[in-house]
Amino acid sequence: MSPDVDFDAVVVGGGPVGLFLGCRLARRGLSFLVLEQREAPPPHSRAIGIHPPALELLGRLGLADRMVARGVLIRGALVRGERGVLGELEFSGVSPYPFILALPQRDTETLLEARLHELRPGTLRRGVSVVDVDDGTSHATVTYRDNAGEVHQVRARFVVGADGHRSLVRQLAGIAYPGRPYQDRYLMGDFEDTTTYGATAVIHVTQGGVVEAFPLPHGKRRWVVRSEPGLREGAEDLCRLIHTRTGLHVPASTCSMLSPFGVGRHLATRFVKGRVVLVGDAAHEVSPIGGQGMNLGLLDAAALAGALEQEVRGEGSSRSPLLAYQRQRRRGARVAARQAEFNMFFGRPVRTPGPRERVLRVMLARPLRPLLARLFTMRWL
771 MSPDVDFDAV VVGGGPVGLF LGCRLARRGL SFLVLEQREA PPPHSRAIGI
821 HPPALELLGR LGLADRMVAR GVLIRGALVR GERGVLGELE FSGVSPYPFI
871 LALPQRDTET LLEARLHELR PGTLRRGVSV VDVDDGTSHA TVTYRDNAGE
921 VHQVRARFVV GADGHRSLVR QLAGIAYPGR PYQDRYLMGD FEDTTTYGAT
971 AVIHVTQGGV VEAFPLPHGK RRWVVRSEPG LREGAEDLCR LIHTRTGLHV
1021 PASTCSMLSP FGVGRHLATR FVKGRVVLVG DAAHEVSPIG GQGMNLGLLD
1071 AAALAGALEQ EVRGEGSSRS PLLAYQRQRR RGARVAARQA EFNMFFGRPV
1121 RTPGPRERVL RVMLARPLRP LLARLFTMRW L
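Yeah, the sequence shown ends on 1151 if you go by the working numbering, and it's all consecutive.
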């Protein structure tokens, strides 16, 4: 360790991406600190799906089996139209993990935090707020305030912004985040599962807009619907839309989480600037329809850990490993954004559902089904 720095890296943000990156850095023998403003993982979860490529990476940390034991294995998805089943996706054969794991984000964060503590105790500091990042020539300095109001400074070779789409690190570094919101708006909620779907994900492609249903642990199911103009966005409104579009009755009284949300697309103009590096939502935002966001961040973090080790140990070639990371992961973010737009397109309201249903039947037919399964389980990365 150089006398000029305290750590090889300071990771700002202790969500799933920042915690996963910490675990990867620990396995590579780098010194680091993870700073997180929240005192504990959030009680409610937005992200619930872990795709096979991310499960493979989590398996290398000894975490996949622990997560699988807590979650629901979604081995296939049923697509329904106005008059019945349009087709089915099966995820068998896509990887050593032939399923999408449904696990609430709070459980993912809890398990990642426990694994980080096993690998490198004391590297996660909760209840702290970063107030400044000074990107110097030989090192970067991070200034943060703890929950007692005391100000601290640490010096690091690199600072990683894993602090979400409103990233303070990105703003302090002066990195632009161009993009736009979509007009699409959604409402999601978790309810007791009163369906007969079991562990199958079901996507209802209806004239009024998409209705998605995903199994959750403990006998619950998550519903995501494309909203309507003027909707009050309460639990009763969500249940009414589900019933109107699918004929299914979901008891509003069993709602344990409700969240309306808009969607957008953003991509940082660069992921690396000086000694500041961006990862996850700090670097890109894609629509959550399709469940790629957290998975994309985990894949970012895996690539970044290797690049940081090469930089710290001076093992890079004439081309910077961090610039190679930037090039690779920007390409991945663009592909994910296009897939998310594809997902949203097929979930929008239509005046005449017949043409869309015919297209979906062709896409879900046996010749194209394996390709579509690989696409929706992120095997393109």
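The C-beta atom is built at its ideal place from N, Cα and C for all residues, glycine as well.
Sequence-distant residues of the same chain with beta carbon closer than 8 Å to residue i, five excluded per side
i	result
A910	V780, V903, D904, R925, A926, R927, F928, V929, G1044, R1045 and V1046
E998	G978, G979 and L1011
P948	H1036, L1037 and T1039
G841	I820, L871, A872, L873, D877 and P987
I844	G819, F861, F869, I870, L871, A872, A969, T970, A971, F984 and P985
Member of the options whose CA lies at the smallest distance from the CA of residue i
i	options	result
I973	R1100, G1076, L871 and G857	G857
A983	C1009, P999, R1002 and P866	C1009
G989	R996, L1001, T1024 and L791	T1024
D778	G1004, G784, L1068 and V804	V804
S899	G906, E860 and R808	R808
R890	L789, V939 and E806	L789
R1126	V975, T880 and Q1098	V975
L1095	T913, G819, P985 and A1072	The amino acid at residue 1095 is misidentified as Leu; the sequence shows Tyr. Minimum Cα distance to Y1095 is reached at A1072.
R885	T907, V1049 and R797	R797
L730	A1106, T907, E1085 and V782	Since the first residue of the chain shown is 771 and the last is 1151, residue 730 is not available in this structure.
Close beta carbons around residue i, own chain, < 6 Å, minus the five adjacent residues each side
i	result
L848	E858, T970 and V972
V1020	F961, C1009 and I1012
L828	A834
Residue i in three-state terms, based on DSSP
i	result
D905	strand
I844	strand
A946	coil
I1012	helix
E1003	coil
M1148	coil
R830	helix
L872	Looking at the sequence provided, one finds Ala at residue 872 rather than Leu. The answer is strand: DSSP assigns A872 an E or B state.
Q953	strand
L856	strand
Identity of the residues DSSP links to residue i by a beta bridge
i	result
H1054	L1037
A779	F802 and F928
L894	V804
F961	R991
F861	None; F861 has no bridge partner.
Q923	T913
Backbone CA spacing between residue i and residue j [nearest angstrom]
i	j	result
A1052	A943	12 Å
A834	Y914	33 Å
Q1109	Q1062	9 Å
R1139	L800	43 Å
Y956	R1118	11 Å
G892	E883	11 Å
G1004	M958	10 Å
V1132	F1112	16 Å
N1065	G846	18 Å
R1083	V787	23 Å
Cβ-based neighbour list, residue i, same chain, cut-off 7 Å, excluding 5 preceding and 5 following
i	result
D776	V924, R925 and A926
R950	G1034 and R1035
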